[in-house]
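The listed protein sequences correspond, in order, to chains A and B. Throughout the first sequence, residue numbering follows my numbering, covering 393 to 729 in sequence. Throughout the second sequence, residue numbering follows my numbering, covering 42 to 368 in sequence. Note that the Cβ used here is the ideal one computed from N, Cα and C, for glycine as well.
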Amino acid sequence: MSTPELTGDVSPQQNFATAINMALDEALAEDPAVIVFGEDVADPQGGGVTKCTQGLSTKYGPRVRSTPISEQAIVGAAVGAAIVGMRPVAEIMLMNFMAVAMDQIVNHAAKLRFMSGGQTGVPLTIRTMAGVVGGNGAQHSDMVEAWFAHSPGLKVVVPSRPDDAKGLLLSCIFDDDPCIFVETLSLYFGTKGSVGESGQRIPIGRARILKSGTDLTVVGYGKPIVEALSVAERLEREEGCSIEVIDLRTVSPWDEGVVLDSVGRSKRAVLVHEAVQRFGVGAEVAARIHEELFGELEAPVARVGSAFTPVPYAPTLEAAYVAGTPGIEAAIRNTLG
Amino acid sequence: MDKSVGRQPENENEILLRIYETAEKIRYSDERLRTMLMSGQVRFNYYSVRGQEIIPSATALWLSSEDYVITTYRGLHDQIAKGVPLDVLFAEYMGKATGACKGKGGPMHVTHAASGLLVTTGIVGGGLPIANGVALAAKLRNEDRVTVVNFGDGASNIGAFHEALNLAAVWELPVVFLCQNNLYGEHTAVELSMAIPSISERALAYGMPGVTVDGNDPLAMHTAAGTAISRARDGSGPTLLEARTFRFFGHSFGDDDAYMPGEQKARAMADDPVPKLRTRLVADGGIGHERVEQLEECIRAEVDDALAFALASDYPEPTELAADVYA
Numbered sequence: 393m394s395t396p397e398l399t400g401d402v403s404p405q406q407n408f409a410t411a412i413n414m415a416l417d418e419a420l421a422e423d424p425a426v427i428v429f430g431e432d433v434a435d436p437q438g439g440g441v442t443k444c445t446q447g448l449s450t451k452y453g454p455r456v457r458s459t460p461i462s463e464q465a466i467v468g469a470a471v472g473a474a475i476v477g478m479r480p481v482a483e484i485m486l487m488n489f490m491a492v493a494m495d496q497i498v499n500h501a502a503k504l505r506f507m508s509g510g511q512t513g514v515p516l517t518i519r520t521m522a523g524v525v526g527g528n529g530a531q532h533s534d535m536v537e538a539w540f541a542h543s544p545g546l547k548v549v550v551p552s553r554p555d556d557a558k559g560l561l562l563s564c565i566f567d568d569d570p571c572i573f574v575e576t577l578s579l580y581f582g583t584k585g586s587v588g589e590s591g592q593r594i595p596i597g598r599a600r601i602l603k604s605g606t607d608l609t610v611v612g613y614g615k616p617i618v619e620a621l622s623v624a625e626r627l628e629r630e631e632g633c634s635i636e637v638i639d640l641r642t643v644s645p646w647d648e649g650v651v652l653d654s655v656g657r658s659k660r661a662v663l664v665h666e667a668v669q670r671f672g673v674g675a676e677v678a679a680r681i682h683e684e685l686f687g688e689l690e691a692p693v694a695r696v697g698s699a700f701t702p703v704p705y706a707p708t709l710e711a712a713y714v715a716g717t718p719g720i721e722a723a724i725r726n727t728l729g
Numbered sequence: 042m043d044k045s046v047g048r049q050p051e052n053e054n055e056i057l058l059r060i061y062e063t064a065e066k067i068r069y070s071d072e073r074l075r076t077m078l079m080s081g082q083v084r085f086n087y088y089s090v091r092g093q094e095i096i097p098s099a100t101a102l103w104l105s106s107e108d109y110v111i112t113t114y115r116g117l118h119d120q121i122a123k124g125v126p127l128d129v130l131f132a133e134y135m136g137k138a139t140g141a142c143k144g145k146g147g148p149m150h151v152t153h154a155a156s157g158l159l160v161t162t163g164i165v166g167g168g169l170p171i172a173n174g175v176a177l178a179a180k181l182r183n184e185d186r187v188t189v190v191n192f193g194d195g196a197s198n199i200g201a202f203h204e205a206l207n208l209a210a211v212w213e214l215p216v217v218f219l220c221q222n223n224l225y226g227e228h229t230a231v232e233l234s235m236a237i238p239s240i241s242e243r244a245l246a247y248g249m250p251g252v253t254v255d256g257n258d259p260l261a262m263h264t265a266a267g268t269a270i271s272r273a274r275d276g277s278g279p280t281l282l283e284a285r286t287f288r289f290f291g292h293s294f295g296d297d298d299a300y301m302p303g304e305q306k307a308r309a310m311a312d313d314p315v316p317k318l319r320t321r322l323v324a325d326g327g328i329g330h331e332r333v334e335q336l337e338e339c340i341r342a343e344v345d346d347a348l349a350f351a352l353a354s355d356y357p358e359p360t361e362l363a364a365d366v367y368a
């Protein structure tokens, strides 16, 4: 398993964005309870700013609709439709705009099942784009998945590959809990892959071992786990290091079993994500590793995240903000000792 | 609940009697809860609805259990009028395992889906955007269901109000935005919070009818609610209905309401809409004194029995904590 194992081999190669479009199309076709809305998602408005919803309003009519720029209204409408049995997929264009809708997400979507004693579940999905992509600056680039992972009741998914994007989005849509589905902007039009057969779902909460290894485990998600895989392959090729690379894919609930099993064998762990390092998802994973495996570790668990600053604009600053390949490689070397 | 929506009692007096029945049930429930809170027999955050009873009592005549109501933490009147059974309602207020939400929601977060009381939110303005989604589902499924979302004057100043009204109008959703303007948002008088005389004026900005009605006038409230609900039901879209009223006991139970001029409160309480309606029924309405007293006896028994049930019920087991966080 030294290279990513792409499931199935029946469909043409898709990029991340077309995989999203296919998942939405399949979900809409499968269940009339599925509805899609958000800013500019209908075809007359362009089928989404990244074309992820292109063709869907033409095919499904009023079940796919563009909204005003009203994030509270968008998420609130999704909450309301969900509690009466629809499966809404709301698009909040960029993850920073989730801040505008936090009341609906955290106080309502996350809690209505619990507060009602199980009477009203909230089977909604919020799709949102995030991540540093070159010049989008402080209010259009943040990865704030930790906010949502810290809220009981929500599930948080961050795929890094087209097949995972498609299979996990289908799982989110048909899951009975509210799911935050984070699409990394920098991965949209990158690596293509087969996305498997129609309707194929990938379970929420399961990690994927991208590469097996015995000396150290890298755990992460999103763009940095793609970078970590390249680093691990190079170090193995050039220096004979055996590094296991685990893509969490789901941040909440995360796959403790696979991670603890791997680190239990390798005794060394490096955690990577694009979100700022402080108070990030990596801190939670590191704490759990220390709680379960403290006496067995050969080195302290290392974390690699972005600098604790707003996302900057200038290219030199943006490069300094993210850890990137050099930061990941340095943490791996340091932890290998 | 009567499913033959829209078929109102032919006789005006019968309409008034039905409004009174619900209003008196609310008034007596509120009185009993406040007495029990005062004595320390029970403890919970309570936002008294005394003075606002007529609004949901008159509105409910136009709704069936198939229709949806969303309300706020000051919601006892809306919950009772929508038909939430009193035993599970009071048990929920007291945090008991037998409560509508198994004691996990409490008075600020009551849901009773079977009655169509879908959401009680503790967040000012939080219910309005949700009402749109509920109504969108009904519209897309071609269901004959209207959604009434209740909120206070304070909520009309929060962003969610404006986003929700705009979207409801654009999508022509079957929603009634029912603003119970009790003249105070928490401790601040409404005229200090907005620079226009009536909340219903805001409807103009979104392209929907805006109506102000005396929420304490049973027939006027009944007519205004009927117009708005019928409009939603026949596919003509949303209405902003402002029902003016007054809360007798401040923002939350125990607040000293020193921020309310004593004279204003005294005047409102002297014009208490529930006994006023009773007097009207007996004196002018041709409803016999005996019939009203019989009704009140039934109401007292129902409320007292429900309270006894709630008091006798147990709190949930600690193991219940982890349930219902996820499906």
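* **Outcome for Arg347 (chain A) when other beta-carbon atoms lying within 10 angstroms are tallied against a minimum of 16** => A question about residue 347 (chain A) goes unanswered here, because the residues of chain A that appear run from 393 up to 729.
* **Proximity test, Cβ basis, 9 Å: Cys220 (chain B) and chain D** => Among the chains of the structure shown, chain D does not appear; the protein chains present are A and B.
* Asked: Would you call the CB atoms of Gly472 (chain A) and Ala176 (chain B) closer than 9 Å?
  -> yes
* Asked: Using 9 Å as the limit for Cβ to Cβ distance, is Met42 (chain B) near chain A?
  -> Note that Met42 (chain B) scores 38 on pLDDT, short of 50, meaning its location in the model is unreliable; the coordinates nonetheless yield the value given after this. Met42 (chain B) does not count as touching chain A.
* Using a Cβ-Cβ cut-off of less than 8 Å, list which residues of the segment 167-183 of chain B approach chain A; keep chain order. => Gly167, Leu169, Pro170, Ile171, Ala172, Asn173, Gly174, Val175, Ala176, Leu177, Ala178, Ala179 and Leu181
* Within chain B, partners of His542 (chain A) - CB distance below 8 Å -> Ordered by position in chain B, no residue passes the 8 Å Cβ test against His542 (chain A), which lies about 14 Å from the chain.
* Asked: Quick one: Cα of Leu689 (chain A) to Cα of Lys659 (chain A), how far?
  -> 5 Å
* Asked: Using a C-beta cutoff of 9 Å, does Phe506 (chain A) count as contacting chain B?
  -> yes
* To do: Just the C-alpha distance for Glu331 (chain B) and Asp119 (chain B), rounded to the nearest angstrom, thanks.
  => 28 Å
* Any 3 or more C-beta pairs closer than 8 Å across the segment 242-258 of chain B and the segment 179-193 of chain B -> no
* Measuring CA to CA, which of A:Thr520, A:Ser543 and A:Trp539 is closest to His532 (chain A)? -> A:Thr520
* **Exposure label - Gly591 (chain A); buried when at least 16 CB within 10 Å** => exposed
* Along chain B, in chain order, which residues have C-beta atoms closer than 9 Å to that of Pro702 (chain A)? -> Going along chain B, no residue has its Cβ under 9 Å from Pro702 (chain A), so there is no contact; the nearest lies around 24 Å.
* To do: Confirm, please, whether the CB-CB distance from Val254 (chain B) to Val216 (chain B) is below 9 Å.
  => no
* Asked: Less than 9 Å separating the beta-carbons of Val662 (chain A) and Ile594 (chain A)?
  -> no
* Report the option in B:Tyr134, B:Ile96 and B:Ile95 whose CA atom is closest to the CA atom of Arg73 (chain B). => B:Tyr134
* Count the other CB atoms, across all protein chains shown, that sit within 10 Å of the CB of Pro404 (chain A); report buried if there are 16 or more and exposed otherwise. => exposed
* If you run the structure through DSSP and keep just helix, strand and coil, what is Gly400 (chain A)? -> Residue confidence for Gly400 (chain A) is low, a pLDDT of 44 falling below 50, so the modelled location carries little weight; the figure read from the coordinates is stated next. Three-state result, Gly400 (chain A): coil.
* Exposed unless 16 or more other CB atoms sit within 10 angstroms - verdict on Lys451 (chain A) -> exposed
* **Contact set for Met235 (chain B): own chain, Cβ-Cβ below 7 Å, skip 5 residues either direction** => Asn198
* Hey, does His263 (chain B) have any beta-carbon neighbour from chain A nearer than 9 Å? -> no
* To do: Anything in chain B within Cβ reach of Ala465 (chain A), meaning under 8 Å, just list it in chain order.
  => Pro170, Asn173, Ala201, Glu204, Ala205, Asn207 and Leu208
* Asked: Measuring CA to CA, which of B:Phe218, B:Asp355, B:Thr76 and B:Ala155 is closest to Arg272 (chain B)?
  -> B:Phe218
* **Residues of the segment 431-461 of chain A whose Cβ lies closer than 7 Å to any Cβ of chain B, in chain order** => Pro454, Arg455, Thr459 and Pro460
* Relative to the C-alpha of Thr286 (chain B), which residue among B:Asn222, B:Leu130 and B:Gly200 is closest? -> B:Asn222
* Asked: Roughly how many whole angstroms lie between the Cα atoms of Val323 (chain B) and Ile484 (chain A)?
  -> 57 Å
* Closer than 8 Å, Cβ to Cβ, to anything on chain B: give me those residues from the segment 473-501 of chain A, in chain order. => Ala473, Ala474, Ile475, Val476, Gly477, Met478, Pro480, Asp495, Gln496, Asn499 and His500
* With DSSP collapsed to three states, give me the class of Glu666 (chain A). => strand
* My guess is that Arg641 (chain A) and Leu560 (chain A) are in contact by the Cβ rule of under 8 Å, so how many angstroms apart are they, rounded? -> 6 Å
* Opening and closing residue of the beta strand (DSSP E) in which Thr162 (chain B) lies -> Leu158 to Thr162
* To do: Rank A:Pro718, A:Ala501 and A:Pro436 by C-alpha distance to the C-alpha of Gly697 (chain A) and give the top, closest one.
  => A:Pro718
* Grab me the residues of Pro170 (chain B)'s own chain with a C-beta within less than 7 Å of its C-beta, minus the 5 sequence neighbours each way, in chain order. => Ala201, Glu204 and Ala205
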